[in-house]
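Structure first, commentary second.
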Amino acid sequence: MSEKIIGITVKKKENFSEWFTQVVTKAGLADQRYNVQGFIVHMPWAMRIIREIYRLFEQELERTGHEPVLFPLVIPEENFEKEKEHVEGFKPEVFWVTEAGDDKLERRLALRPTSETAFYQMYALWITSWRDLPLKLYQSVSVYRYEKTTRPFIRGREFLWIEAHDAFATHRQALRQVREDMENSRKVIWEQLGIPFLFLKRPPWDKFKGAEDTYAADTLMPDGRVLQISSTHDLGQRFAKAFGITFMDKNGKERYVWQTCYGPGVWRILAALVAIHGDDKGLVLPFRVAPVQVVIIPIYYDEEEKKLVMRKCRRFYLKLKRRNIRVLVDTRDKTPGWKFNDWELKGVPIRLEIGRREVEQGFVTIFRRDLKKREKVPDDEVVDRIYELAEEILDNLKNRAKKFFEENIVSASSKKELVKAIKEGKIVKISFCGREECAEDMREATNGAKVRGTSLDFEEGDYGKCVWCGQPARYLVYVAKAY
RNA sequence: GGGGCCGUAGUCUAGCUUGGUAGGAUGCCUGGCUCGGGCCCAGGUGAACCCGGGUUCAAAUCCCGGCGGCCCCA
Numbered sequence: 001m002s003e004k005i006i007g008i009t010v011k012k013k014e015n016f017s018e019w020f021t022q023v024v025t026k027a028g029l030a031d032q033r034y035n036v037q038g039f040i041v042h043m044p045w046a047m048r049i050i051r052e053i054y055r056l057f058e059q060e061l062e063r064t065g066h067e068p069v070l071f072p073l074v075i076p077e078e079n080f081e082k083e084k085e086h087v088e089g090f091k092p093e094v095f096w097v098t099e100a101g102d103d104k105l106e107r108r109l110a111l112r113p114t115s116e117t118a119f120y121q122m123y124a125l126w127i128t129s130w131r132d133l134p135l136k137l138y139q140s141v142s143v144y145r146y147e148k149t150t151r152p153f154i155r156g157r158e159f160l161w162i163e164a165h166d167a168f169a170t171h172r173q174a175l176r177q178v179r180e181d182m183e184n185s186r187k188v189i190w191e192q193l194g195i196p197f198l199f200l201k202r203p204p205w206d207k208f209k210g211a212e213d214t215y216a217a218d219t220l221m222p223d224g225r226v227l228q229i230s231s232t233h234d235l236g237q238r239f240a241k242a243f244g245i246t247f248m249d250k251n252g253k254e255r256y257v258w259q260t261c262y263g264p265g266v267w268r269i270l271a272a273l274v275a276i277h278g279d280d281k282g283l284v285l286p287f288r289v290a291p292v293q294v295v296i297i298p299i300y301y302d303e304e305e306k307k308l309v310m311r312k313c314r315r316f317y318l319k320l321k322r323r324n325i326r327v328l329v330d331t332r333d334k335t336p337g338w339k340f341n342d343w344e345l346k347g348v349p350i351r352l353e354i355g356r357r358e359v360e361q362g363f364v365t366i367f368r369r370d371l372k373k374r375e376k377v378p379d380d381e382v383v384d385r386i387y388e389l390a391e392e393i394l395d396n397l398k399n400r401a402k403k404f405f406e407e408n409i410v411s412a413s414s415k416k417e418l419v420k421a422i423k424e425g426k427i428v429k430i431s432f433c434g435r436e437e438c439a440e441d442m443r444e445a446t447n448g449a450k451v452r453g454t455s456l457d458f459e460e461g462d463y464g465k466c467v468w469c470g471q472p473a474r475y476l477v478y479v480a481k482a483y
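Each residue of the first sequence is one higher than the last, beginning at 1 in my numbering.
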């Protein structure tokens, strides 16, 4: 009865926006009541997941030769102005610090919207010889952008990400880095978190401002809109020239470095994790990033039974703890039914139910969150089964997500087909002329569908006629509505 | 950026049209309960109604401004 007002009250498929808002609030991810638009309080359950996501990326970055740094939050205006296209692109979104105490500051300080202009003036000081290259540094920080419409974890005025800034002696090495960044994203976002995505080369008008080329990962949200969750940019030598980042090569010749930057959007990856794996009961977390991986629910009716049951609970708690599994015995004074619902809302992947029956008959009831199924497992097989389940759950989530993703990528060979598919929330592959005006016209006529770019292995050529305007098509592109 | 809805205990909400002692549910605290799917029973607790100004004998209610949130569309 009262379930209606306590749990998630809408279905993910029927009203995704509302469902997402409710999950964010009710699963204890964020409290949006902090009274500045676009700035949210990150609650413990979210921070624990975010920390795990960070750990996965940082591990991967460090494995491939990056080191951690922390640059200042503020960037003086003169740095910020150095790369023309970059400043034009970001200026409308910058928060400025203009006063301190009673003084008006002589020069305004930008709150970093991204840190190229902070990093690269230092790179100019640090890099002098070919021996200093490559230089690969990253930071895990929040950045600030004055966005008009905000949504928790999807678009904020303050959000969390990682930014890696790399400098190389040659363009070839820089391009290899772009590949490495994509591989990093694949390993973490797809393999470990089970979020499928397309890596696309963005059209020229949708590049990162200040980059030669932008490559970005787009995943698909349940409402049919794509979400960019990570991007990597070939910066060429633009910033090197703007900031004077040069090195002496082996022949004693002064050269500009070639740069890349990489930004996995940790905030948005959490949003995708919530949106893609979650169901009508709430979150569904992969074992790897779950703050609590196994929750043990004791079930008893009186003090004597409690003693028996708790002894077994503690035994399994210690057993799992020793294996570094994040485990918790829920001793709260609530009914088991209440606890079941609570942990399902929070997405805990595995639950052990231990009551009189389990104690007397030497088994444990294991419930898996992703399929909402129970199984009885003999005591001495429980630990092994948990390890198996951790993998099975991830595989299942991956398969489910992949199926949804692939079913929603379609081709269209006519304007009509394209419009229809977009309306149905698909990612649509079409032949395309490559003109910005055509893309713009398409966007207006379809209520916002955008050309997201070409696949990485794509080669320019003759692809018949542009599905939208009928002119000769030089490209195959993916089109979708986006966040 | 455009349109709509909204702000009343921790949470959800009634009251606002027609100004006059703010009501319920849930939560929280006590106690009880075979407590295995958001139980159940009894008692208790909790709100100067988002902020600022105005009209009035009197404002949650009417007027103006601000802040914040949500939904739909771009």
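The beta-carbon is built from N, C-alpha and C at its ideal position, and this holds for glycine as well.
Using only CA atoms, which one of the options lies nearest to residue i?
i       : options                            : result
Ala-240 : Ala-412, Phe-367, Ala-100, Glu-116 : Glu-116
Ala-100 : Glu-93, Val-23, Leu-109, Val-284   : Leu-109
Glu-437 : Trp-205, Leu-328, Ile-189, Glu-254 : Trp-205
Asn-341 : Val-295, Ala-272, Val-178, Phe-39  : Val-295
Ile-386 : Leu-320, Arg-176, Val-141          : Leu-320
Lys-13  : Gly-464, Ile-269, Gly-425          : Gly-425
Ile-325 : Ser-411, Val-383, Lys-465          : Val-383
Ala-124 : Phe-243, Thr-64, Lys-416           : Phe-243
Trp-126 : Thr-214, Met-221, Val-257          : Val-257
Ala-439 : Arg-268, Lys-415, Phe-90           : Lys-415
Arg-51  : Gly-89, Phe-39, Thr-25, Leu-160    : Leu-160
Asp-218 : Ala-272, Ile-350, Leu-193          : Ala-272
Arg-225 : Ile-53, Lys-201, Asp-213, Phe-197  : Phe-197
Val-309 : Ser-413, Ala-480, Arg-356          : Arg-356
Trp-96  : Thr-114, Val-87, Glu-77            : Glu-77
Ile-393 : Ser-411, Ala-480, Val-289, Ala-30  : Val-289
Arg-202 : Pro-286, Phe-458, Asp-380, His-86  : Phe-458
At the level of alpha carbons, what is the spacing between residue i and residue j?
i       : j       : result
Lys-306 : Pro-336 : 13 Å
Asp-478 : Arg-452 : With the sequence shown as reference, residue 478 is identified as Tyr, and Asp is not the correct amino acid for it. Each residue's Cα considered, the two are about 6 Å apart.
Ala-485 : Gln-237 : Examination of residue 485 is not possible in this model, given that the chain is present from 1 through 483 alone.
Ile-72  : Tyr-138 : For the record, residue 72 in the displayed sequence is Pro; it is not Ile. Straight-line Cα distance between these residues: approximately 13 Å.
Gly-28  : Trp-343 : 11 Å
Phe-208 : His-233 : 7 Å
Val-36  : Ile-430 : 42 Å
Phe-405 : Val-428 : 12 Å
Asp-103 : Pro-92  : 25 Å
Ser-2   : Lys-334 : Model confidence at Ser-2 stands at a pLDDT of 31, short of 50, so the residue's coordinates are unreliable; what they give is reported in the following sentence. Cα to Cα, the separation comes out at about 15 Å.
Trp-19  : Lys-84  : 42 Å
Gln-361 : Ile-354 : 11 Å
Arg-55  : Val-348 : 19 Å
Ile-409 : Ile-422 : 10 Å
Cys-469 : Arg-151 : 35 Å
Gly-399 : Leu-220 : The sequence shown places Asn at residue 399, rather than the Gly named in the question. Each residue's alpha carbon lies about 15 Å from the other.
Lys-490 : Gly-194 : Beyond the ends of the chain as shown, which are 1 and 483, falls residue 490; an answer cannot be given.
Asp-213 : Ala-390 : 39 Å
Glu-147 : Arg-157 : 6 Å
Asp-31  : Gly-461 : 50 Å
Thr-9   : Ser-17  : 12 Å
Is it buried or exposed, residue i, if we count other Cβ atoms within 10 angstroms and call 16 or more buried?
i       : result
Thr-260 : buried
Thr-98  : exposed
Thr-128 : exposed
Ser-230 : buried
Thr-149 : exposed
Gly-65  : exposed
Tyr-120 : buried
Leu-105 : exposed
Glu-183 : exposed
Gln-177 : buried
Phe-153 : buried
Glu-180 : buried
Gly-252 : exposed
Asn-79  : buried
Glu-143 : According to the sequence as given, residue 143 is Val; it is not Glu. So Val-143 ends up on the buried side.
Val-87  : buried
- Item | Cβ contact (3+ pairs, closer than 8 Å) linking the segment 298-312 and the segment 187-199 | Result no; under three Cβ-Cβ pairs closer than 8 Å.
- Query: If you scan the segment 209-238 from start to end, which runs of the beta strand (DSSP E) of 3 or more residues do you find wholly inside it?
  - Reply: 213-220, 226-236
- Message: Under 8 Å, with one C-beta from each stretch per pair, do the segment 167-177 and the segment 127-140 reach the 3-pair mark?
- Response: yes
- Query: Quick one: any contact between the segment 437-446 and the segment 243-258, if contact means 3 or more CB pairs under 8 Å?
  - Reply: no
- Any chance you could list the beta strand (DSSP E) runs of at least 3 consecutive residues sitting entirely within the segment 407-476, in chain order? 409-411, 427-432, 449-455
- Message: So, does the segment 357-376 touch the segment 319-335, judging by three or more C-beta pairs under 8 Å?
- Response: no
- Task: Mind listing, in chain order, the continuous alpha helix (DSSP H) runs of no fewer than 4 residues lying wholly within the segment 100-180?
- Result: You should have 116-126.
- Please list the segments of the beta strand (DSSP E) lying wholly inside the segment 248-316, counting only runs of 3 or more residues, in order along the chain. 254-256, 258-264, 294-298
- Item | Secondary structure, beta strand (DSSP E): runs of 3+ residues fully inside the segment 327-393 | Every beta strand (DSSP E) stretch that sits fully inside the segment 327-393 and reaches 3 residues is listed by chain position as 327-329, 350-354, 363-368, 373-378.
- Query: Touch check for the segment 308-323 and the segment 44-57: three-plus C-beta pairs under 8 Å?
  - Reply: No: fewer than three Cβ pairs fall under 8 Å.
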